[in-house]
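What follows is a single structure, written as structure tokens, with notes after it.
Numbering (our numbering), first residue to last: 40 to 289.
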């Protein structure tokens, strides 16, 4: 099966920020940190985003904690998915927050005000440039909103929220290498999988780490095609059944 993935937006934060691309709120809020000189939070490019760098009360993460009571938000949109049957947001992030108290969210909206998505809290692991994780949001399968493909006005957002109970030195949420894309053929895969993958969903596109968790079971039918983006992987801790045939391989 052939599919064409069209890039809607990409940002590695090597240019102007927020420019005309992003809408920011909160103070402090998201802003650019230059990691040249070997500062260990850098991913691949000199510039990354930190959740508390921007605004009139912006801080330097080299010698500051992120503050209590933060509500930093960055929004991109609207963009058009009226001609799309699949769409995804992918990005790299590094996280070190007070677990279950301070949160990094990645989300989408059909009105630019009410957002649906996922949040993560705690420590993503690693130091000195390690520990950066692949993040992804499947816009055809959002919590609460479901499939927003087919709509002509969609927004995506990243936010960081902290409560009043304390913060972590040189912690918070760091963000880089954002890609927003759409297509008209295929199915996006992210996160934990279970159930059945049918060839009618071809091609499946793994835009982040995917896997089968302990206690779950995934069956892959003959003829299924899974394409993996660079840097992604497939982890099996549960049960995987994938039996192709001579005439219909996987």
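All residues carry an ideal CB built from backbone N, CA and C; glycine is no exception.
Burial state of residue 218, where buried means 16 or more other Cβ atoms lie within 10 Å: Using a 10 angstroms sphere on the CB of residue 218, the tally of other CB atoms reaches 16 or more, which defines it as buried.
Pick from 258, 52, 197, 200 that is closest to residue 233, judged by C-alpha positions: Checked all of 258, 52, 197, 200; the closest Cα to residue 233 is 258.
Whole-Å CB distance - residue 194 paired with residue 147, under 8 Å assumed: About 7 Å separates the CB atoms of residue 194 and residue 147; that is less than 8 Å, so the two are in contact.
Helix, strand or coil at residue 164 [DSSP, three-state]: Here residue 164 carries a coil assignment [DSSP, helix/strand/coil].
Presumed contact (8 Å Cβ cut-off) between residue 57 and residue 106, rounded CB distance: Residue 57 to residue 106, Cβ: 20 Å. No contact.
Three-state secondary structure assigned by DSSP to residue 239: Here residue 239 sits in helix by DSSP.
Residue 211 versus residue 59: straight-line alpha-carbon distance, rounded: The C-alpha of residue 211 lies about 25 Å from the C-alpha of residue 59.
Per DSSP, cross-strand counterpart(s) of residue 133: According to DSSP, residue 133 bridges with 213.
Sequence-distant residues of the same chain with beta carbon closer than 6 Å to residue 170, five excluded per side: Take residue 170, set aside five residues on each side of it, and the residues of its chain with a beta-carbon closer than 6 Å to its own are 133, 163, 164, in chain order.
Closest Cα partner of residue 280 within the set 271, 263, 267: If you compare the alpha carbons of 271, 263, 267 with that of residue 280, the shortest gap goes to 263.
Backbone CA spacing between residue 223 and residue 74 [nearest angstrom]: Take the alpha-carbon of residue 223 and the one of residue 74: they are about 38 Å apart.
Cβ-based neighbour list, residue 209, same chain, cut-off 6 Å, excluding 5 preceding and 5 following: Excluding sequence neighbours, residue 209 sits near 100.
Nonlocal neighbours in the same chain, by C-beta distance under 6 Å from residue 197, ignoring five residues either side: Cβ within range, chain order: 113, 145.
Simplified DSSP assignment, three categories, for residue 111: In the three-state reduction of the DSSP assignment, residue 111 falls in the strand class, which pools E and B.
Three-way DSSP call (helix, strand, coil) for residue 157 in this model: Strand at residue 157.
Buried versus exposed call for residue 121 [16 or more other C-beta atoms within 10 Å across all chains shown]: Exposure of residue 121 is indicated by the presence of fewer than 16 other C-beta atoms within 10 angstroms of its C-beta.
Contacting residues, own chain, Cβ-Cβ under 8 Å from residue 43 (five flanking each side not counted): Taken in chain order, the residues that qualify are 222, 223, 224.
Rounded straight-line distance, which links the Cα of residue 95 to that of residue 205: Just so you know, the alpha carbons of residue 205 and residue 95 end up roughly 21 Å apart.
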